[in-house]
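Novice: Here you go, one structure.
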DNA sequence: AGGCTCTGGTTTTTT
DNA sequence: ACCAGAGCCT
């Protein structure tokens, strides 16, 4: 017991040993957040506050969930199996599987990932003959997901014009289609689970009584629905332990609501707010820069990081003439760092947008420096893998039209677009799935489709007794996928990936406790100990007391869930020691000895689009804060006078963020560019040669549009117009979002904002001072 | 059915 | 500049 708490600082210790009450932990970057979370759980169990079965720990990503599980496994002598540790989606899936009837779902319901959802929407729209130019499927997808994240069903969404009315109709049609097919999208997992708990009192009471301690990681990233779900799950006796950092909230654009932190504090009457401000990652200058920068944000809960590590190196700043020069400098500097003994993987290059990586990759290739780019296709998102999964899904649930449409003619079986249209018509006529509509088809189309159905039926029969890996192996053969890719020139990689699915299946049944002998399509018998009535004595429907072990899912269902919910690594092959390239977003939670933050230019970072969003600039600043706090020892910030973007050269001014960091922390490797001054001379403490800038330079015209927008004068002028300009109900035109109608107004002068309902872009709050809105009829 | 050309879009992204 | 998706042609 004392060893559990050893080496915790006073703040951490206080957090870990808090009484069983709601608590909010403000955990700064590098402050040992995960350690506090896991130690808290271990401490609670060790001191008899709660049994493992009373623990619910929610994370945002699978990676975080796994890490927590692993650390706990190392801390506690007992199995972590009885605890519910997972992502919001993973836990909701688990609960829905256990109570599928109460949730109104088929036992074999499938999960649509983002891409599946989009193709489902497209198919639905095609069936209804909806103009996809007027109503872009992507926007409908966004509309549907935001509605669900607000907890709104189609009949609850307010539509203030014909356009939105149509979206609501389509939302309803999509919802009907999903229900008929027995599929749920990501947002649906959460909403369905939320509604299940809300409407089913015995179930709610049961889980509320069970989970005495609910711990939430990255609380600042939760959306409204996730918060509502937590509230629903937390009973009177539950202690919610929320850990987050408002300064690292960088996902507002996808629905994260930092406001959940203050809401939580208020609604749960939090008496214990603890700030973890001791940083164990970065040297002083780096931390000072981060602290100074984030001070410029208005609405903060307030936090200042400190370190014992000493000031360390200054923050180095490099100004380049072009993006190409920036990349060459970067490469030289990296070479020097490696020369000094740093390993490549301790070096990270961060950027605001993915498009920026290319120039730098090119330079790295040229210099022969191995590198790794994060982002891109993940394993379960690969075409061939999704094909294999689609066959498995059809075996499990033939009503899954998304899976059906995906592979009915892959490999090709002479089933063309025309046949599928007819089939879709028949399915609509008989209100059944495409699979079920096949018998109604006649002629050649009918026989080809019939053959496909026979093949699936045969697969289902032949895999009846097989284990999961055997099933996968059988399916990739019997579907003809392997044979198909053998005829393709680039098919070898794809075949390897298909084999890899078999391996993934093996790993899955092993790690999830099904065992290698478990038949893929049979429910494992529930262990006796767990089928006994539970301590609360509360009757639970479905005859399921609790979803403790993965018995509520067959190995196959579990594997398909796993594939949808955990798409696999989103990075290139690991292994080799390589320089790490990624967006700042992707870098959140990581740390590196040396960090280069590149492209620090107005318009790029902060991104120009952020000016259109409410509190957009503050989020950009938090993003910059995240970038800075990734660095342990060395931080480089670079910007260019010009760069190629969308095929055109853009001239940039350096990011305002430089002005928000005290000068004494910065060391300019290039001469300070005074406004209008030309570059000359060399830079001193850089691996880059002294005389780089003695080469002829391109005079950089100062930037126009973006720079002008942000000048105070322009701002003042705009706001004056703003006060007179608009009223609720008025039509407006926005250069990016098109026509919309004002649905709300607030603030005055430079603070004035309007809420505008745009058709396909949804409803947005815009700052009048920055948004270029025009009044229309 | 598969390969070609044209067109449009282009911040960040996990589940 | 570059990629993805749609439409068109063979």
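In UniProt numbering, the protein residues as written are 1 to 777.
Where a beta carbon is used, it is the ideal one built from N, C-alpha and C, also for glycine.
Only a predicted model underlies this, so the values are computations on that prediction, with no experimental measurement involved.
1) Determine the closest residue to residue 659 out of 296, 131, 162, with distance taken between C-alpha atoms.
2) Check residue 330 in the structure and name its three-state DSSP category.
3) Are the beta-carbon atoms of residue 312 and residue 291 separated by less than 8 Å?
4) Residue 79: buried (16+ other C-beta within 10 angstroms of its C-beta) or exposed?
5) Taking the alpha carbon of residue 340 as the reference point, which residue from 486, 634, 197 has its own alpha carbon closest?
6) Report yes or no: do three or more beta-carbon pairs, one from the segment 178-192 and one from the segment 111-120, lie closer than 8 Å?
7) Looking only at its chain, what residues have a beta carbon closer than 6 Å to the beta carbon of residue 564, apart from the 5 residues adjacent to it on each side?
8) Excluding the five sequence neighbours on either side, which residues of its own chain have a C-beta within less than 7 Å of the C-beta of residue 364, listed in chain order?
9) Among 497, 374, 476, which has the Cα closest to the Cα of residue 380?
10) Tell me residue 282's beta-bridge partners as DSSP assigns them.
11) Flag this pair as yes or no: are the beta carbons of residue 362 and residue 23 separated by less than 8 Å?
12) For residue 485, which residues of its own chain have a beta-carbon under 6 Å away from its beta-carbon, when the five flanking residues on both sides are left out?
13) For the putative contact between residue 32 and residue 282, defined by C-beta atoms under 8 Å, what is the C-beta separation to the nearest angstrom?
14) If you draw a straight line from the C-alpha of residue 531 to the C-alpha of residue 107, how long is it?
15) Under the DSSP definition of a beta bridge, which residues are partnered with residue 79?
16) Just the Cα atoms here: how many angstroms apart are residue 384 and residue 479?
17) Locate the alpha helix (DSSP H) running through residue 562, then write down its first and last residues.
18) Can you tell which of 456, 428, 414, 555 has the C-alpha that lies nearest to the C-alpha of residue 443?
19) Should residue 19 be labelled buried (16 or more other beta-carbon atoms within 10 Å of its own) or exposed?
20) For the beta strand (DSSP E) containing residue 319, name the first residue and the last one.
21) Are residue 467 and residue 516 close, meaning C-beta to C-beta below 8 Å?
22) Sort 639, 552, 625, 598 by Cα distance to residue 101 and report the nearest one.
23) Would the segment 88-100 and the segment 150-162 be scored as touching if the rule is three or more Cβ pairs under 8 Å?
24) Mind pulling the beta strand (DSSP E) runs of 3 or more residues that sit fully within the segment 75-163?
25) Measuring CB to CB, does residue 396 end up less than 8 Å from residue 560?
26) Mapping the DSSP letters down to three states, classify residue 68 as helix, strand or coil.
27) For residue 277, tell me which candidate among 27, 524, 604, 608 has the shortest Cα-Cα distance.
28) Straight-line CA distance for residue 615 to residue 299?
29) By Cβ distance below 8 Å, which residues in the same chain neighbour residue 128 in space, the five residues on each side in sequence not counted?
30) Where do the ends of the alpha helix (DSSP H) carrying residue 391 lie?
31) Taking a contact to mean a Cβ-Cβ separation below 8 Å, would you say residue 437 touches residue 423 in this structure?
32) Between residue 321 and residue 642, what straight-line distance do the alpha-carbon atoms span, to the nearest angstrom?
33) Taking DSSP as the reference, what is the three-state secondary structure of residue 363?
34) Under DSSP, the beta strand (DSSP E) around residue 638 begins and ends at which residues?
35) Only counting the same chain, and skipping five residues up and downstream in sequence, which positions put a Cβ closer than 7 Å to that of residue 13?
36) Could you tell me if residue 649 is buried or exposed, where buried requires 16 or more neighbouring beta carbons within 10 angstroms of its beta carbon?
Specialist: According to the structure data:
1) 296
2) helix
3) no
4) exposed
5) 634
6) yes
7) 111, 113
8) 331, 371, 579
9) 497
10) Residue 282 pairs with nothing; no bridge assigned.
11) no
12) 491, 494, 495
13) That pair is no contact at about 13 Å.
14) Here the model assigns residue 531 a pLDDT of 36, short of 50, so the residue's position is not dependable, and the following value carries that caveat. Between residue 531 and residue 107, the C-alpha separation is close to 19 Å.
15) Residue 79 pairs with nothing; no bridge assigned.
16) 12 Å
17) 555-565
18) 414
19) exposed
20) 315-322
21) yes
22) 552
23) no
24) 84-87, 110-112
25) yes
26) helix
27) 27
28) 10 Å
29) 170, 173
30) 383-396
31) yes
32) 6 Å
33) helix
34) 631-645
35) 5
36) exposed
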